[in-house]
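The next block holds one structure in the form of structure tokens; read it before the comments.
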Amino acid sequence: MRAEYKLFGVVAAFFLPVALIYGFATHWREPVGFVGLLLCFGLGMMISFYLWATARRLPGERPEDNPAGEIDEQEGEYGFFSPHSWWPLALAGASALCFLGVAVGWWLFIIGAFLGVVALVGWTFEYFHGEHAA
Amino acid sequence: MCRVANVAIMALVATASALYSDSAVPGSVPGHGPVTRPNMVAVGTIVWLSSELMFFAGLFAMYFTIRSIDPGLWKEKTAILDVPYAAANTLILVISSVWCQLGVHQAEHGKASRTGKLWEVGSWGMREWYVVTYIFGAVFVSGQVLEYATLVSEGISISADAYGSVFYLTTGFHALHVTGGLIAFLLIIGRTFTTRHYSHAQAAGAVVTSYYWHFVDVVWIALFATIYLLQ
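Here it is in structure tokens:
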């Protein structure tokens, strides 16, 4: 994981000094740039720190970090992936109605929001009820 | 104000210690994915949250830019703000993060719901802690609605002047995020009722929802400091 957290660490390492230089150069009277650059530091730091904290919990070296690693060393269950689902399409349609509603009239937004709730619940619960819930 | 800061630090420490404690393996819910790599849902959530940070960076840039253009307006309007009220509301949101972390602890141990009676807090599972988190979050949003109502009655509205626009856009977008988090909590809690077995996928969902909640909490502390303390 070293390559990953270092990669995002570079973003953080670049923006922190740049934020400080910017603040110093503007006599700390112009907060827009300083805060913006500081949050860019946060952008890199957040991912870098997370990957670093995760990496030190994982046992041993990953196969992809090992020059002599084999593809089959990466086998295992990666998670659950839905083979197909209609719910994302339904949710996208409902969202489109909501946005259209902002332009056309709030009555349409309310219809879109109602359909959105149905689609969202349908999507989140698709594999967590009935025959999947064993 | 000092108390708010203290509790904020406590919440951050709680989150940080959860990242380090042996029981909590961030991003690698046991048995979910190969042991040599982090959980994809968790990493994806962190990357998405970093893009959310940029969204809020835009809002901060807007706030500071317009404030620098019209400092007189700021002086006049920020005097109307009820800082102690907002501080108390902030405290509620920060405390909700502590409850959320306790729920995560249970989720990581695969404990979906309580094993004892409702008043036996020690036996609570993820569900009970998330319900408490939800209540605190809901109180926060309701508190903000009440604050909006008061401010509108005192002449600060989104279309009245630049200050109103900036105030409602920044705090409003944050409140929408909190509301989104509340909906996520409902879905996460709801899934524990429709399944017989608390799966790793469910625990991963609970954990990443907590990441989002802590993120929104930290953003609010920054917004609170900017709008109410720094003014």
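Protein chains in written order, with this note's numbering: chain A, 52 to 185; chain B, 11 to 241.
Where a beta carbon is used, it is the ideal one built from N, C-alpha and C, also for glycine.
Inset, instruction - Check B:T125 in the structure and name its three-state DSSP category. - result: Walking along the second sequence from the start, residue 125 of chain B turns up at place 115. Here B:T125 carries a coil assignment [DSSP, helix/strand/coil].
Inset, instruction - Using 6 Å as the cut-off, classify the Cβ of B:V51 as near or not near the heavy atoms of the ligand ATP, replying yes or no. - result: In the structure shown, the ligand ATP is absent, as is every other ligand, since no ligand is present at all.
Inset, instruction - May I have the straight-line CA-CA distance separating B:S38 from A:G181, to the nearest angstrom? - result: Stepping through the second sequence from its first residue, residue 38 of chain B is reached at position 28. Stepping through the first sequence from its first residue, residue 181 of chain A is reached at position 130. Confidence is the limiting factor: at B:S38 the pLDDT is only 43, short of 50, which leaves the residue's position unreliable, though a coordinate-based value still follows. So the alpha carbons of these two residues sit roughly 27 Å apart.
Inset, instruction - Return the first residue and the last residue of the alpha helix (DSSP H) that A:F75 is part of. - result: Stepping through the first sequence from its first residue, residue 75 of chain A is reached at position 24. Per DSSP, A:F75 belongs to the alpha helix (DSSP H) from R53 to A76.
Inset, instruction - Check distances from the C-beta atoms of the region 79 to 94 of chain A to those of chain B and list, in chain order, the residues that come in under 7 Å. - result: P82, V83, V86, G87, L90, G93 and L94
Legend entry - 8 Å contact criterion, which B:V226 and B:V176 should meet: CB distance rounded: The count along the second sequence starts at 1 and reaches residue 226 of chain B at position 216. The count along the second sequence starts at 1 and reaches residue 176 of chain B at position 166. Wrong, their Cβ atoms sit about 20 Å apart, outside the cutoff.
Inset, instruction - Determine the contact status of A:G93 and B:L240, defining contact as a CB-CB distance below 7 Å. - result: Taking the first sequence and counting its residues from 1, the one referred to as residue 93 of chain A is at position 42. Taking the second sequence and counting its residues from 1, the one referred to as residue 240 of chain B is at position 230. No, Cβ-Cβ distance for A:G93 and B:L240 is not below 7 Å.
Inset, instruction - Measure from the C-beta of B:M50 to each C-beta in chain A and report whether the shortest distance is under 7 Å. - result: The count along the second sequence starts at 1 and reaches residue 50 of chain B at position 40. Yes, contact with chain A.
Legend entry - the region 146 to 163 of chain B in contact with the region 115 to 125 of chain B per 3-pair CB rule at 8 Å: no
Legend entry - Nearest-angstrom beta carbon gap, B:A216 and B:I198 [assumed within contact, 8 Å]: Looking up residue 198 of chain B in the second sequence gives position 188. Looking up residue 216 of chain B in the second sequence gives position 206. About 5 Å separates the two Cβ atoms, so the contact holds.
Inset, instruction - Output the residue ranges of the alpha helix (DSSP H) runs that lie fully inside the region 159 to 239 of chain B and measure 4 residues or longer, sorted by chain position. - result: 172 to 204 and 210 to 234
Inset, instruction - Check each residue of the region 119 to 136 of chain A: if its Cβ is closer than 9 Å to any Cβ of chain B, include it; give the result in chain order. - result: E124, Q125, E126, G127, E128, Y129, G130 and F131
Inset, instruction - Assuming A:V86 and B:F74 form a contact by the criterion Cβ under 8 Å, report the distance between their Cβ atoms to the nearest whole angstrom. - result: Walking along the first sequence from the start, residue 86 of chain A turns up at place 35. Walking along the second sequence from the start, residue 74 of chain B turns up at place 64. Yes, they are in contact, since the Cβ atoms of A:V86 and B:F74 sit about 6 Å apart, within 8 Å.
Inset, instruction - Please confirm whether A:F147 and A:A170 have their CB atoms less than 7 Å apart. - result: Stepping through the first sequence from its first residue, residue 147 of chain A is reached at position 96. Stepping through the first sequence from its first residue, residue 170 of chain A is reached at position 119. In the sequence as displayed, the identity of residue 147 of chain A is Ala instead of Phe. No, these two residues do not count as a Cβ contact at 7 Å.
Legend entry - Candidates B:H224, B:G54, B:T202 and B:L233, of which the one nearest A:T175 by Cα: Counting from one through the first sequence, the residue named residue 175 of chain A turns up at place 124. It is B:T202.
Legend entry - Listed by chain order, chain A residues near B:R124 by CB distance under 8 Å: Translated into the one-based positions of the second sequence, residue 124 of chain B becomes position 114. None at all; the shortest Cβ gap to chain A is about 20 Å.
Inset, instruction - Might you give, ordered along the chain, the residues of its own chain that have their beta carbon closer than 7 Å to the beta carbon of A:G120, omitting 5 neighbours on each side? - result: The count along the first sequence starts at 1 and reaches residue 120 of chain A at position 69. For A:G120, where only same-chain residues beyond five positions count, the Cβ hits under 7 Å are P114.
Legend entry - B:F146 to B:S106 span [Cα, whole Å]: Start at 1 with the first residue of the second sequence, and residue 146 of chain B comes out as number 136. Start at 1 with the first residue of the second sequence, and residue 106 of chain B comes out as number 96. Computed Cα separation, rounded: 5 Å.
Legend entry - DSSP three-state assignment for B:H119, whether helix, strand or coil: Start at 1 with the first residue of the second sequence, and residue 119 of chain B comes out as number 109. DSSP places B:H119 in coil when its eight states are reduced to three.
Legend entry - Length of the line joining the Cα atoms of B:D80 and B:M72: Taking the second sequence and counting its residues from 1, one reaches residue 80 of chain B at position 70. Taking the second sequence and counting its residues from 1, one reaches residue 72 of chain B at position 62. Across the structure, B:D80 and B:M72 are spaced so that their CA atoms are roughly 13 Å apart.
Inset, instruction - Give the straight-line distance between the Cα atoms of B:L128 and A:Y178, rounded to the nearest whole angstrom. - result: The residue labelled residue 128 of chain B in the question sits at position 118 within the second sequence. The residue labelled residue 178 of chain A in the question sits at position 127 within the first sequence. Rounded to the nearest angstrom, the two C-alpha atoms are 29 Å apart.
Legend entry - the region 158 to 168 of chain A contacting the region 81 to 96 of chain B, beta-carbon criterion three pairs below 8 Å: They do not touch, by the three-pair rule.
Legend entry - Boundaries (first-last residue) of the alpha helix (DSSP H) holding A:G93: Reading the first sequence from its first residue, position 42 is the one you call residue 93 of chain A. It spans P82 to A106 - the alpha helix (DSSP H) in which A:G93 sits, taken as one unbroken run.
Inset, instruction - Determine the closest residue to A:F66 out of A:F75, A:R80 and A:M96, with distance taken between C-alpha atoms. - result: Counting from one through the first sequence, the residue named residue 66 of chain A turns up at place 15. Residue A:M96 is the option with its Cα nearest to A:F66.
Legend entry - Cα-Cα separation, A:C91 to B:G126: Numbered from its first residue, the first sequence carries residue 91 of chain A at position 40. Numbered from its first residue, the second sequence carries residue 126 of chain B at position 116. Cα-Cα distance, rounded: 46 Å.
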